[in-house]
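Trainee: Sharing a structure below in structure tokens format, with a few things to ask.
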Amino acid sequence: MSEIKLESVSSLVDNYTPSTDENMSAHLIDNMLKDEELSATWQNYHLIGDVLRDEVPQSLQLDLSQTIADAIAQEATILSPNSSTLTHTSTNESVDDAVSATKENEIQTTNTVVDARQRFKAKIANLAKPMGQVAIAASAAALMIVGVQHNVADNDIIPNHVVQTVPLSGYANPVSFSVQSPQSDVSYQSKQYTQQAMNEQIAVERVAQQRRLQALLKDHKLQVKLGSNIK
Amino acid sequence: MKLSVLFLLLLSFNISAIATETKSAKLWLERLSQSLRQLNFTASFVVVKNNHAEPYHWLHGIADNGQELEVLTRLNGPRHDVLRQGEVVSYIEPEQEAYSIRTDYIRGPIPSVFRGDIKALETSYRFISVGRSRISGRIAQLVRIVAKDKHRFSYWLWLDQKTGLLLKMAVLTRQGNLLEQIQFTHIEVADQLSDNLAQLQSAELPEVVSLAYQQQHKDLSWQVDWLPQGFAVVKSNQHNLNTYNRGEDRAVEFMLFSDGLVEVSVYVNLSQEQFREPEYAIDGATIVYNHILQGIEVGVVGKIPLATAKKIAESIMPNVDKTKKNNLPSTPNPVIERQDD
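So the sequence lines, in the order shown, correspond to chains A and B.
Letter 225 of the first sequence, counting from 1, is numbered 228 in the working numbering, and no numbers are missing.
Letter 263 of the second sequence, counting from 1, is numbered 295 in the working numbering, and no numbers are missing.
The following block contains the structure:
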């Protein structure tokens, strides 16, 4: 029976099922997992196969599972830091055989103190987190408001259709011009809004227009000044 | 129209009160004129139009020899100063050489008629004294200068009860839309001439521009057929419309009209183009209107409603008294010529 079993394991290692029966192979694997000897055989057969195929790593680690298990045991648990420190100290405790019961008690109490402090810290962290988020959100909102207001202020100073009147070498008579062609008989106010959209062609024409009108306004002002001395 | 105005007036005032209101308003305006001529004052004001404000500083005083001294400075941007020593007014502006003119008015944001004879306005405007309010921390009397027709704007003045000086001025349309205002932020009246003005007294102003060669009442080949009542020709001439080194200088026939409070310039010249859509710009209460109709380019500038500007521009017609029409020699603008020297 053992012979048959070993043969079956061998064929499994060689990647084909010993019998056509699906249940049979499932049963074999179950058995193999339960049976220490069969497991060892399975391991050995693989090792033999690896050696034959020259797939053995430089340093051969026969028992990987043990090292992994150790690594896990060594690693501090991240999810609950309180208990991890507790276990950590207690493992230290267990290692040290000479520690008396009283000392153990003392450590236990310090542990609880540490525990409480850490919990408090965690609580504060938990409390601070949403508050911080709210603060960030609030400051973002504030920035937005400030930004928007800034924009609005800008718009106030330089309205949409303020065209820099003919740049007469910095002669900044800050005439904010609103030039438009009267097409309909609406009031000035509404007219100012009608000419919102304009394409480049119009813009070029507008500059010329601007120049013409600016020249007129300029000359008017000059003539008014000059004219005042002749009556 | 007259009826509706009367109706409105009836609504707001007792009919018997109108006469006294007008009389009181006139007295207030006369007081303003007197104060502007005789007081030593230091003032700051802000002209608010087109959504922004231009601050000014204004000094006025009487020297020991009775000479009026005045300084008007624009505080933002390039320097725009107006200095006055009695009958000589100097304009110091960034884009041209300083020049002086022989006159007794400073041309600034405040209409010069306020320091002159207010009766000149009576044909086109009526005066109404309205009530009191608080302006610039002082008690102010509101006086309205209301246009008698729809062809011009109305002016509201708030006058200081103590000194009679201007505290606030607003230019409004007939519908009551605010176009432009001047708000005083500071007024100080002193007995003594301020130091700045004492300095001005001894300062040497730029040379007075001689306008002798400029014919100010030239017969032009074009004339304006329609003007709102009360407007009269101040001067008419031909000069180059300077567009500042853009090679687009053009000779224009120019007429300046005034109804006492506002000036309207009319420019006429022949154009290569046959037609151009009317175009205009608004600077506070000032409109700049331009169009080409049948090869004639007409520009109208002044503190008047668009409809008025349009009507004036459309009323341009050849001067029937004038036989010669084309290729008139143009006299260059005196100030511009000085610049070329």
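Where a beta carbon is used, it is the ideal one built from N, C-alpha and C, also for glycine.
Got a sec: which bits of the segment 210-230 of chain A sit with their beta carbon under 7 Å from any beta carbon on chain B, in order along the chain?
Mentor: Correct list: 212, 214, 215, 216, 218, 219, 220, 222, 223, 225, 226, 227, 228, 229 and 230.
Trainee: Count the other C-beta atoms from every protein chain shown that fall within 10 angstroms of the C-beta of residue 349 of chain B, then say buried if there are 16 or more, exposed otherwise.
Mentor: Working through the second sequence from its first residue, we reach residue 349 of chain B at position 317. Looking at its Cβ environment, which holds fewer than 16 other Cβ atoms inside 10 Å, residue 349 of chain B is exposed.
Trainee: Using CA atoms only, rank isn't needed, just tell me which of B:227, B:156, B:129 and B:208 is closest to residue 241 of chain B.
Mentor: Along the second sequence, read from residue 1 onward, the residue named residue 241 of chain B stands at position 209. When only C-alpha atoms are compared, the closest one is B:129.
Trainee: Taking the alpha-carbon positions, what's the residue 134 of chain B to residue 202 of chain A distance?
Mentor: Locating residue 134 of chain B in the second sequence gives position 102, counting from the first residue. Locating residue 202 of chain A in the first sequence gives position 199, counting from the first residue. So the two alpha carbons sit approximately 48 Å from each other.
Trainee: Report the three-state DSSP secondary structure of residue 84 of chain B (helix, strand or coil).
Mentor: For this step, residue 84 of chain B is matched to residue 52 along the second sequence. Residue state, collapsed to three classes: strand.
Trainee: Closer than 7 Å, Cβ to any Cβ of chain A: which residues of the segment 117-128 of chain B, in chain order?
Mentor: 123, 126 and 127
Trainee: Strictly under 8 Å for the Cβ-Cβ distance: is residue 51 of chain B near chain A by that measure?
Mentor: The residue given as residue 51 of chain B occupies position 19 in the second sequence. No, residue 51 of chain B lies away from the interface with chain A (no Cβ there is under 8 Å from its Cβ).
Trainee: Once you ignore the five residues that flank residue 293 of chain B on each side, which residues in its own chain have a CB closer than 6 Å to its CB?
Mentor: Reading the second sequence from its first residue, position 261 is the one you call residue 293 of chain B. Once the five neighbours on either side are set aside, the close Cβ partners of residue 293 of chain B are 143, 145 and 153.
Trainee: At 3 residues or longer, and completely inside the segment 140-169 of chain B: list those beta strand (DSSP E) runs for me, N to C.
Mentor: 157-167
Trainee: If residue 290 of chain B and residue 150 of chain B are in contact, beta carbons under 8 Å, what's the gap, nearest whole angstrom?
Mentor: The count along the second sequence starts at 1 and reaches residue 290 of chain B at position 258. The count along the second sequence starts at 1 and reaches residue 150 of chain B at position 118. Wrong, their Cβ atoms sit about 15 Å apart, outside the cutoff.
Trainee: Rounded to the nearest angstrom, how far is the Cβ of residue 215 of chain B from that of residue 200 of chain B, given a contact under 8 Å?
Mentor: Position 183 of the second sequence, counted from the first residue, corresponds to residue 215 of chain B. Position 168 of the second sequence, counted from the first residue, corresponds to residue 200 of chain B. That pair is a contact at about 5 Å.
Trainee: By DSSP's criteria, residue 112 of chain B is part of a beta bridge. Which residues make up the other side?
Mentor: Within the second sequence, residue 112 of chain B is the residue found at index 80, counting from 1. Paired residue(s): B:106.
Trainee: Using the three-state DSSP reduction, which class does residue 220 of chain A fall into: helix, strand or coil?
Mentor: Here residue 220 of chain A refers to the residue found at position 217 of the first sequence. Reduced to three states, the DSSP call for residue 220 of chain A is helix.
Trainee: Would you verify that the beta carbon of residue 299 of chain B is, or is not, closer than 8 Å to some beta carbon of chain A?
Mentor: Against the second sequence, residue 299 of chain B aligns to sequence position 267. Chain A, which has a Cβ nearer than 8 Å to the Cβ of residue 299 of chain B, makes this yes.
Trainee: Give me the Cα-Cα distance between residue 257 of chain B and residue 339 of chain B, rounded to the nearest whole angstrom.
Mentor: Residue 257 of chain B sits at position 225 when you count from the first residue of the second sequence. Residue 339 of chain B sits at position 307 when you count from the first residue of the second sequence. Rounded to whole angstroms, residue 257 of chain B to residue 339 of chain B spans 15 Å at the Cα level.
Trainee: Determine the extent of the alpha helix (DSSP H) in which residue 71 of chain A is found, giving its start and end residues.
Mentor: What you label residue 71 of chain A is simply residue 68 of the first sequence in a count that begins at 1. Segment 67-77, the alpha helix (DSSP H) holding residue 71 of chain A.
Trainee: Counting contacts by CB-CB distance shorter than 8 Å, is residue 97 of chain B in contact with chain D?
Mentor: Note that chain D does not occur in the displayed structure, where the protein chains are A and B.
Trainee: Contact between the segment 107-115 of chain B and the segment 159-172 of chain B: three or more CB pairs below 8 Å?
Mentor: no
Trainee: Let me check one thing: in DSSP terms, what residues is residue 287 of chain B bridge-paired to?
Mentor: Here residue 287 of chain B corresponds to residue number 255 of the second sequence, with the count starting at 1. DSSP output for residue 287 of chain B lists B:268 and B:298 as bridge partner(s).
Trainee: With DSSP as the reference, identify every bridge partner of residue 321 of chain B, one or two as the case may be.
Mentor: Walking along the second sequence from the start, residue 321 of chain B turns up at place 289. DSSP, once it has assigned bridges, lists B:312 and B:332 as partnering residue 321 of chain B.
Trainee: Per DSSP, residue 72 of chain B forms a beta bridge with which residues?
Mentor: As a working mapping, residue 72 of chain B is identified with position 40 in the second sequence. Bridge partners of residue 72 of chain B: B:222.
Trainee: Tell me the rounded alpha-carbon separation between residue 227 of chain A and residue 139 of chain A.
Mentor: Position 224 of the first sequence, counted from the first residue, corresponds to residue 227 of chain A. Position 136 of the first sequence, counted from the first residue, corresponds to residue 139 of chain A. Between the C-alpha atoms of residue 227 of chain A and residue 139 of chain A there is a straight-line separation of about 59 Å.
Trainee: Return the bridge partner residues of residue 89 of chain B from the DSSP annotation.
Mentor: Here the question's residue 89 of chain B lines up with position 57 in the second sequence. Paired residues: B:76 and B:105.
Trainee: Which one or two residues does DSSP pair with residue 176 of chain B in a beta bridge?
Mentor: Indexing the second sequence from 1 puts residue 176 of chain B at position 144. Bridge partners of residue 176 of chain B: B:160 and B:188.
Trainee: Is residue 124 of chain B helix, strand or coil when you go by DSSP?
Mentor: Within the second sequence, residue 124 of chain B is the residue found at index 92, counting from 1. Shown here, residue 124 of chain B sits in a strand according to DSSP, grouped into three states.
Trainee: Under a CB-based cut-off of 8 Å, is residue 245 of chain B close to chain A?
Mentor: The sequence position of residue 245 of chain B within the second sequence is 213, counting from 1. For residue 245 of chain B, the pLDDT reaches just 46, beneath the cut-off of 50, and the residue's location in the model is therefore unreliable, although a value from the coordinates is still provided. So no, residue 245 of chain B is outside the interface.
Trainee: Using C-beta distances below 7 Å, list every residue in its chain close to residue 308 of chain B, excluding the 5 sequence neighbours before and after it, in chain order.
Mentor: For the purposes of this step, residue 308 of chain B is identified with residue 276 of the second sequence, where counting begins at 1. 323 and 324.
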